[in-house]
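Engineer: Same order as they appear, the protein sequences are chains A and B.
When we follow the UniProt record's numbering, the leftmost residue of the first sequence carries the number 1, and every step to the right adds one.
When we follow the UniProt record's numbering, the leftmost residue of the second sequence carries the number 1, and every step to the right adds one.
For every residue, glycine included, the Cβ atom is placed at its ideal position computed from N, Cα and C.
Would you mind keeping the following structure in view while I ask a few things?
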Amino acid sequence: MSISLQRILILLLLGLAPLTSVQAQGEPGGETHPFSLPDLPYAYDALAPVIDAETMEIHHARHHQGYVDKLNAALEDLPEAREMSLEALLEHASTLPAAVRNNAGGHWNHSFFWRSMTAPGEGGAPDRDLHRALEEAFGSLEGFRDAFETAGLDRFGSGWVWLIVEEDGDLAVTTTPNQDNPRMDVADPRGTPLLGNDLWEHAYYLNYRNARGAYLQAWWEVVDWERVSRRFAEATDR
Amino acid sequence: MTHELPPLPYDKNALEPHISAETLEYHHDKHHATYVANLNKLIQDTQFADLPLEEIIRKAPAGGIFNNAAQVWNHTFYFNCMSPDGGGEPSGALAQAIQQAFGSFEAFKEKFAASGAGNFGSGWTWLVKNAGGQLEIVNTSNAETPLTFSRMTPLLTMDVWEHAYYIDYRNARPKYIENFFNVVNWDFVARNMG
C-alpha cells in the first residue's frame with residue numbers, strides 16, 4: 001500500500017470516528033458498559049517518593065479494578081442504565097442504585113486522578129490564564145493551595161477534594177464524600193473538575209499513615225499543571 | 001471537663017497476628033488520641049465544655065464536635081470488643097439471642113461479615129440490641145454511632161475505616177473481618193446485653 005493511500009485511509013477512519021476533545025485527551029466520561037481499567041499513563045514507581053510504587057499498584061490494580069468490576073456487575077441487571085455513558089451515569093446518580101453511583105464515581109474519579117499527576121517536578125506550573133483565575137479566586141497560588149489543603153483536611157472520612165469550574169464560570173474548591181464527584185447531580189456545588197485529590201486512607205496510608213496533611217502538602221510535587229491548565233482552557237472555551 | 005484517652009486494655013502486640021502492634025500503635029496512639037485532643041480543643045468555651053462524652057454525642061449537631069466525640073466513644077468501645085483471649089463463640093443468653101435473631105452463630109458471622117464488607121467508605125459495623133430486645137446488625141458511616149439511635153444498645157462493633165486494617169491487610173477488608181472474629185471479646189459483648 002502506498003504511503004499516500006495509507007494516509008487517506010487513516011484520515012477517512014478518523015473522519016468516521018470523530019473523537020471529542022475530551023476523549024482525545026484521555027479524560028474519562030464517554031465510555032460505556034462494559035467498562036475496563038485504563039492503563040496508568042506512567043509506571044507504578046513514577047510518582048515516588050511522593051506516592052510509592054506499592055500504593056500505586058494496590059490503588060490501581062485492586063481498588064480501581066474493584067470499582068470497574070463492581071460497576072459492570074451492578075449494570076448487568078439494569079438494561080437502561082447499561083446503555084448510558086460513564087458521564088451520563090454520573091449525571092443521573094440520584095436516580096440510580098447506590099452500587100452504580102458508588103462504583104461509577106469510583107471509576108471516573110480514579111481515571112481522572114491518574115491523569116492529574118506526573119513524575120515529581122515534571123508537572124510545570126499553571127499557565128497564564130489559569131494562574132490569573134486562581135489569583136482572582138484565591139488571592140494567589142499559595143492561597144489556592146491553602147484552601148485546597150484545608151478543605152482536604154476538613155473532609156471527615158473518605159472522599160475527594162476538588163478544584164472545579166462552577167456553572168457560572170468561577171473557580172471553587174469543594175469536597176465530596178466517598179466516591180461522589182462534582183459531575184454528579186447529587187453534588188453541591190456542581191461543576192467541571194480541573195483537579196482532584198483522593199482523601200481515602202488507601203491513597204496515603206502506606207506512605208503517610210494518619211498524616212493526611214503531610215500527604216496533601218507533598219502531593220503538589222506530582223500535580224500535572226499542564227493538564228490542569230488544558231482542562232481549564234477547555235472548560236472555559238479559551 | 002477534659003476528656004482522657006483511655007489506655008488500651010491489652011499490650012499493643014497482644015492481638016497479633018490478627019492485628020499488628022503497628023496497627024494498634026497508630027490506631028490508639030495517633031487516631032484515637034487525635035480524636036480526644038480535637039474534642040478537648042473544640043468544646044472549649046462552648047455549651048459542651050462540661051458535659052460527659054455520651055451527652056455530647058447525643059446533643060451535638062453534625063460537625064466537628066459530634067465527629068470527634070463519637071469517634072472517641074466508638075474507638076474506646078471497639079478496643080474493648082477485642083481481647084487476646086477472644087475468639088470462639090459466645091455462650092449463655094447472648095448465644096441464645098444470636099441464635100434467635102440469625103438462626104445460628106455461623107449465620108450471624110456471615111451476615112456481620114457481609115455487612116462490614118459492604119459498608120461503603122469509612123464506618124462501623126455493629127451488633128445491637130433494639131428497642132424490642134432483638135439483636136440486629138447495623139452499619140454506620142464515618143463517626144455515626146447507634147448510641148444516638150433511639151433505644152438501641154450497642155453490643156459489638158468492628159471498625160471498617162481503612163486505617164483499622166490497611167497496614168495488615170491492605171485493601172482486603174474481608175480478610176480483616178475474618179480475622180477480627182479471632183479476637184472478639186464475647187464476655188464484653190455479653191456484658192453489654194445488660
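At which residues does the alpha helix (DSSP H) containing Thr-34/B begin and terminate?
Structural biologist: Numbered from 1 along the second sequence, position 34 holds the residue referred to as residue 34/B. Thr-34/B -> alpha helix (DSSP H) spans 33-43.
Engineer: Return no unless some Cβ of chain B is closer than 8 Å to the Cβ of Ile-51/A.
Structural biologist: The sequence position of residue 51/A within the first sequence is 51, counting from 1. Judged by the 8 Å Cβ criterion, Ile-51/A is not in contact with chain B.
Engineer: Taking the CB atoms as reference points, tell me whether Thr-148/B and Ile-57/B lie closer together than 8 Å.
Structural biologist: Taking the second sequence and counting its residues from 1, one reaches residue 148/B at position 148. Taking the second sequence and counting its residues from 1, one reaches residue 57/B at position 57. In contact: Thr-148/B and Ile-57/B (Cβ atoms closer than 8 Å).
Engineer: Based on Cα-Cα distance, which residue from Leu-78/A, Pro-97/A and Trp-114/A lies nearest to Pro-34/A?
Structural biologist: Start at 1 with the first residue of the first sequence, and residue 34/A comes out as number 34. Here the closest residue by C-alpha is Leu-78/A.
Engineer: Is it true that the CB of Trp-162/A sits closer than 8 Å to the CB of Leu-199/A?
Structural biologist: In the first sequence, the residue the question calls residue 199/A occupies position 199. In the first sequence, the residue the question calls residue 162/A occupies position 162. No. Outside cutoff.
Engineer: With a threshold of 16 other CB atoms inside 10 Å of the CB of Arg-173/B, please say whether the residue is buried or exposed.
Structural biologist: The residue labelled residue 173/B in the question sits at position 173 within the second sequence. The residue is buried, with at least 16 neighbouring Cβ atoms inside 10 Å.
Engineer: Please classify Thr-95/A: is it buried, with 16 or more other beta-carbons within 10 angstroms of its beta-carbon, or exposed?
Structural biologist: Position 95 of the first sequence holds residue 95/A. Thr-95/A comes out exposed.
Engineer: Thinking just about the alpha-carbon of each residue, which of Asp-52/A, Tyr-208/A, Asp-129/A and His-202/A is nearest to the one in Glu-234/A?
Structural biologist: Here residue 234/A refers to the residue found at position 234 of the first sequence. If we check each option's Cα against that of Glu-234/A, Asp-129/A comes out closest.
Engineer: Excluding sequence positions up to five away, which residues of its chain have a Cβ less than 7 Å from the Cβ of Leu-12/A?
Structural biologist: Position 12 of the first sequence, counted from the first residue, corresponds to residue 12/A. For Leu-12/A, the pLDDT reaches just 42, beneath the cut-off of 50, and the residue's location in the model is therefore unreliable, leaving the point undetermined.
Engineer: Going straight from the alpha carbon of Ala-43/A to that of Gly-143/A, what length do you get?
Structural biologist: Taking the first sequence and counting its residues from 1, the one referred to as residue 43/A is at position 43. Taking the first sequence and counting its residues from 1, the one referred to as residue 143/A is at position 143. So the alpha carbons of these two residues sit roughly 32 Å apart.
Engineer: Restricting to runs no shorter than 3 residues, where is the beta strand (DSSP E) found entirely within the region 128-190 of chain B?
Structural biologist: Runs found: 135-141 and 153-159.
Engineer: Starting from Thr-236/A, follow its DSSP beta bridges and name the residues at the other end.
Structural biologist: Walking along the first sequence from the start, residue 236/A turns up at place 236. None, per the DSSP bridge assignment.
Engineer: Between the region 44-56 of chain B and the region 68-86 of chain B, are three or more C-beta pairs nearer than 8 Å?
Structural biologist: With a cut-off of 8 Å, the region 68-86 of chain B and the region 44-56 of chain B count as touching, because enough Cβ pairs lie within range.
Engineer: Quick one: does Pro-177/A have its CB under 8 Å from some CB of chain B?
Structural biologist: Looking up residue 177/A in the first sequence gives position 177. Output row for Pro-177/A: interface = yes.
Engineer: Which whole-angstrom value is the C-beta distance of Val-50/A and Trp-219/A, which I expect to be below 8 Å?
Structural biologist: On the first sequence, residue 50/A is found 50 positions in, with the first residue counted as 1. On the first sequence, residue 219/A is found 219 positions in, with the first residue counted as 1. At roughly 6 Å, the Cβ-Cβ gap stays under 8 Å, so Val-50/A and Trp-219/A are in contact.
Engineer: Could you tell me whether the Cβ of Trp-161/B comes closer than 8 Å to any Cβ of chain A?
Structural biologist: Taking the second sequence and counting its residues from 1, one reaches residue 161/B at position 161. Cβ-Cβ to chain A under 8 Å: yes for Trp-161/B.
Engineer: Quick check: what's the CA-CA separation for Gln-6/A versus Pro-28/A?
Structural biologist: Walking along the first sequence from the start, residue 6/A turns up at place 6. Walking along the first sequence from the start, residue 28/A turns up at place 28. Low local confidence applies: a pLDDT of 49 at Gln-6/A is under 50, so the model's placement there is unreliable, with the coordinate-based value given in what follows. Rounded to whole angstroms, Gln-6/A to Pro-28/A spans 30 Å at the Cα level.
Engineer: Determine the direct distance from the alpha carbon of Lys-109/B to that of Gln-99/B, and round the result to whole angstroms.
Structural biologist: Position 99 of the second sequence holds residue 99/B. Position 109 of the second sequence holds residue 109/B. When rounded, the distance between both Cα atoms is 11 Å.
Engineer: Between Asp-130/B and chain A, is there a C-beta pair that is closer than 8 Å?
Structural biologist: Position 130 of the second sequence, counted from the start, is the residue given in the question as residue 130/B. The identity of residue 130/B in the sequence shown is Asn, whereas the question assumes Asp. Chain A, which has no Cβ nearer than 8 Å to the Cβ of Asn-130/B, makes this no.
Engineer: Scan the region 55-118 of chain B and note each continuous alpha helix (DSSP H) run of 4 residues or more that stays entirely inside, going in chain order.
Structural biologist: Qualifying alpha helix (DSSP H) stretches, in chain order: 64-80, 92-102 and 105-117.
Engineer: Got a sec: is the Cβ-Cβ distance from Glu-76/A to anything in chain B below 8 Å?
Structural biologist: Locating residue 76/A in the first sequence gives position 76, where the first residue counts as 1. No, because no Cβ of chain B sits closer than 8 Å to the Cβ of Glu-76/A.
Engineer: How would you call Arg-191/B, buried or exposed, if buried means at least 16 neighbouring beta carbons within 10 angstroms?
Structural biologist: The residue labelled residue 191/B in the question sits at position 191 within the second sequence. Counting Cβ neighbours within 10 Å, Arg-191/B comes out exposed, since fewer than 16 surround it.
Engineer: Comparing alpha-carbon positions, which option in Asn-109/A, Arg-82/A, Leu-153/A and Val-165/A lies nearest Pro-97/A?
Structural biologist: Numbered from its first residue, the first sequence carries residue 97/A at position 97. Taking only the C-alpha atoms, the option nearest Pro-97/A is Arg-82/A.
Engineer: Name the chain A residues that come within less than 9 Å of His-31/B, Cβ to Cβ?
Structural biologist: Start at 1 with the first residue of the second sequence, and residue 31/B comes out as number 31. Those within 9 Å of His-31/B in chain A are Asn-210.
Engineer: At least one CB of chain A closer than 8 Å to the CB of Phe-120/B: is that the case?
Structural biologist: As a working mapping, residue 120/B is identified with position 120 in the second sequence. True, the Cβ-Cβ gap to chain A drops below 8 Å.
Engineer: I'd like to know if the region 149-160 of chain B and the region 113-131 of chain B are in contact, where contact means that at least 3 CB-CB pairs between them fall below 8 Å.
Structural biologist: Yes: the two stretches touch, three or more of their Cβ pairs being nearer than 8 Å.
Engineer: From Arg-231/A to Ala-99/A, what does the alpha carbon distance come to, in whole angstroms?
Structural biologist: Within the first sequence, the letter at position 231 stands for residue 231/A. Within the first sequence, the letter at position 99 stands for residue 99/A. Cα-Cα distance, rounded: 29 Å.
Engineer: Could you check how far apart the C-beta atoms of Met-193/B and Leu-94/B are, in whole angstroms? I think they sit under 8 Å.
Structural biologist: The residue you call residue 193/B lines up with position 193 of the second sequence. The residue you call residue 94/B lines up with position 94 of the second sequence. Going by Cβ atoms, the distance from Met-193/B to Leu-94/B rounds to 6 Å, so yes, they are a contact pair.
Engineer: From what residue to what residue does the alpha helix (DSSP H) around Thr-55/A run?
Structural biologist: For the purposes of this step, residue 55/A is identified with residue 55 of the first sequence, where counting begins at 1. Counting along the chain, the alpha helix (DSSP H) containing Thr-55/A begins and ends at 53-57.
Engineer: Compare the C-alpha of Leu-89/A against each of Asp-52/A, Asp-185/A, His-202/A and Gln-65/A and name the closest.
Structural biologist: Mapped onto the first sequence, residue 89/A falls at position 89. Out of Asp-52/A, Asp-185/A, His-202/A and Gln-65/A, Asp-185/A has the C-alpha closest to the C-alpha of Leu-89/A.
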